[in-house]
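Worksheet: one structure, shown below.
Protein chains: 2
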Amino acid sequence: MAHIEVEENVPGIRSLVMFRPETGKPLYELAQVLLRGESPLTEAERELIAAYVSKRNDTMFCTMSHAATSRELYGSEKNIVDDVLNDVQQSEISDKMKALLNIAGKVQILGKEVLPEDIEAARKQGADDREIHDTVLIAATFSMYNRYVDGLASFTPTDPEEYIEMGKRMAEKGYVTPK
Amino acid sequence: MAHIEVEENVPGIRSLVMFRPETGKPLYELAQVLLRGESPLTEAERELIAAYVSKRNDTMFCTMSHAATSRELYGSEKNIVDDVLNDVQQSEISDKMKALLNIAGKVQILGKEVLPEDIEAARKQGADDREIHDTVLIAATFSMYNRYVDGLASFTPTDPEEYIEMGKRMAEKGYVTPK
Chain X
24 MAHIEVEENV PGIRSLVMFR PETGKPLYEL AQVLLRGESP LTEAERELIA AYVSKRNDTM
84 FCTMSHAATS RELYGSEKNI VDDVLNDVQQ SEISDKMKAL LNIAGKVQIL GKEVLPEDIE
144 AARKQGADDR EIHDTVLIAA TFSMYNRYVD GLASFTPTDP EEYIEMGKRM AEKGYVTPK
Chain E
24 MAHIEVEENV PGIRSLVMFR PETGKPLYEL AQVLLRGESP LTEAERELIA AYVSKRNDTM
84 FCTMSHAATS RELYGSEKNI VDDVLNDVQQ SEISDKMKAL LNIAGKVQIL GKEVLPEDIE
144 AARKQGADDR EIHDTVLIAA TFSMYNRYVD GLASFTPTDP EEYIEMGKRM AEKGYVTPK
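Protein chains in written order, with my numbering: chain X, 24 to 202; chain E, 24 to 202.
Okay, structure coming up:
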């Protein structure tokens, strides 16, 4: 049960956004522009960074829902998502994405963990300022969403089927404030 | 020097928001509604939670600027800010705020650190759902801002005078997107 009185059976952040729509609005707008707006990173890659950080923060709801969304967006290459979540280095993702995921992992620990050599390594693989910026902000943003969802113990569905549906909806419609 | 090419000498998050205004807009709107919108917590208390979490995340820019803002808002009681930042338990802040700061400190570590007994302790001191919600979201939100600012190594002024001015501006005008 959640730590505060929210709508029952509404999963994850949705119940919290319904509890306090005034803060929910910018929270959803941020997700929409960051994960669906213009970026040199594909939507599938951005959702993968979100799932990767959420897994490191041990937030099951965000991990499952964003992994499902990323799989949906990767389409026939969807296996890459689980490969990365299991072991980035052993996965067949590009060296640039490996370097960006390394930065995301450092941000997940703490901002100051990101060292000039981490940035340099990403640049060597062709990452530009915008890719580095978006990676850091996605990792920072999910360090927030994860804490919001778990800090208030919001409802986390356990049926994998539910996440497949969620992933389809999030891939297709993006982040629309719940009514 | 920042990890990406941003406007020089523009401090903290401002330079990042100028680099990417599309994400800057919801980031500032979130701070404005959360720290200045309607809440059972005073603006001074909310800024104090922000400074407290930022200090725990070792983000000097956010700690100094939000501590300065909280001092400004506490007015004649401004010593409470440094007392809390030095040692919550020894400070003369209310037992309710102590219980809420305990929750904020748990969120700073990780969402799942918040246990039912932490919530119960806050309720015993009279905290309601909205106070608990706002505390968790402020702590989660600053876990993001702190990582964004430090993860990209944005410019951190070292002159304390500059933060006093910043605090006055933030107390008076709130969070207005930089042009």
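Virtual Cβ for every residue (Gly too), placed ideally from N, Cα, C.
| Asked | Found |
| --- | --- |
| Distance between beta carbons of E/Leu124 and E/Tyr75, contact taken as under 8 Å | 6 Å |
| Residue-chain proximity (E/Asn80, chain X), Cβ-Cβ < 8 Å | yes |
| Neighbour flag for E/Ala144 against chain X, beta carbons, 8 Å | no |
| Segment contact flag, the region 53-70 of chain E with the region 90-102 of chain E, C-beta cutoff 8 Å, min 3 pairs | yes |
| Buried versus exposed call for X/Ser117 [16 or more other C-beta atoms within 10 Å across all chains shown] | exposed |
| Same chain, Cβ closer than 6 Å to E/Phe42, five either side skipped, listed in chain order | Val29 |
| Whether E/Pro201 touches E/Val56 by CB criterion (8 Å) | no |
| Nearest-angstrom beta carbon gap, E/Ala127 and E/Thr158 [assumed within contact, 8 Å] | 5 Å |
| 7 Å CB neighbourhood of X/Lys48 in its chain, flanking five on each side removed | Thr200 |
| Of the residues E/Tyr198, E/Ala122 and E/His26, the one placed nearest E/Ala145, counting alpha carbons only | E/Ala122 |
| Endpoints, the alpha helix (DSSP H) within which X/Ala73 is located | Glu66 to Arg79 |
| CB-CB length for E/Lys191 against E/Glu95, believed under 8 Å | 6 Å |
| Anticipated Cβ contact below 8 Å, X/Gly174 with E/Ala194, distance rounded | Rounded, the Cβ-Cβ distance is 27 Å, inconsistent with contact. |
| X/Gly128: CB within 7 Å of a non-hydrogen atom of the ligand SAH | Of the ligands one can find in the structure shown there are none, so the ligand SAH has no counterpart to examine. |
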